[in-house]
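Colleague: Take this structure, written in structure tokens, and hold onto it; I'll ask about it next.
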Amino acid sequence: MKQVLSYLTPAGAARLGVPLLLSLVLAACSSSSLIDYRGGAFEDDIEVEKTSLSLVEGGLPQARAVLKNDTSKDLKFEYKFVWLDTEGVPLDETDRPWRPAKLSGKDRMTVTGTAPFDRARRFQIQIREPQEIKK
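As structure tokens, then:
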């Protein structure tokens, strides 16, 4: 299994009195993972290569992640960002839409997500196989 990481957002760090520089330090003992392979799909195929965090207008955290396809085949999948509070509890898991994506073999793509709440402290990227649209 690939190593997955969780990060504290700059806004969360500022509210906790932690210097901004330290806000990008890994939360190594966190119970939540940076990526959740829903149903195990793509666990050996897609990895998060790097991430960054910034604040957008209004003080909302925005995450940017580079996803890497470790296989030589094209992959179609869906992803979404889920934002977590200081305890790792999801703030919006059911409200966020799944976004379709295609990642060519051995390629990389950058995905971004902006938290809907300024109380979001960490994030998780969920990845799953594409779902059929129900009419």
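Each residue of the sequence shown is one higher than the one before, counting from 754 in our numbering.
For every residue, glycine included, the Cβ atom is placed at its ideal position computed from N, Cα and C.
Which same chain residues, not among the five before or five after residue 822, have their C-beta less than 8 Å away from its C-beta?
Modeller: 798, 799, 828, 856, 857, 858, 859, 860, 861
Colleague: Curious, which full-length beta strand (DSSP E) runs of at least 3 residues does the region 784–819 contain?
Modeller: 788–790, 799–809
Colleague: With a CB to CB cut of under 8 Å and the five nearest residues on each side skipped, what residues in its chain are close to residue 809?
Modeller: 815, 867
Colleague: In the DSSP assignment, the beta strand (DSSP E) including residue 853 goes from what residue to what residue?
Modeller: 852–856
Colleague: Going by Cα to Cα distance, which pick from 795, 876, 865 is closest to residue 841?
Modeller: 876
Colleague: Please tell me whether residue 873 and residue 848 are closer than 9 Å, where the distance is taken between their beta carbons.
Modeller: no
Colleague: Is DSSP giving residue 884 helix, strand or coil here?
Modeller: coil
Colleague: Measure how close the beta-carbons of residue 878 and residue 818 come, nearest whole angstrom, since I'm counting them as under 8 Å.
Modeller: 6 Å
Colleague: Would you grab the beta carbon distance between residue 854 and residue 885 for me? Rounded to a whole angstrom, and I think it's under 8 Å.
Modeller: Contact doesn't hold; Cβ gap of about 16 Å is too wide.
Colleague: Answer with buried or exposed for residue 833, where buried requires no fewer than 16 other C-beta atoms within 10 angstroms of its C-beta.
Modeller: buried
Colleague: Tell me which same chain residues have a C-beta within less than 7 Å of the C-beta of residue 813, skipping the five on either side of it?
Modeller: 867, 868, 871
Colleague: Do you know how far the Cα of residue 844 is from the Cα of residue 850?
Modeller: A direct Cα-Cα distance of roughly 14 Å separates residue 850 from residue 844.
Colleague: Restricting to Cα atoms, I'd like to know which of 864, 805, 807 is closest to residue 820.
Modeller: Considering only alpha carbons, the answer is 864.
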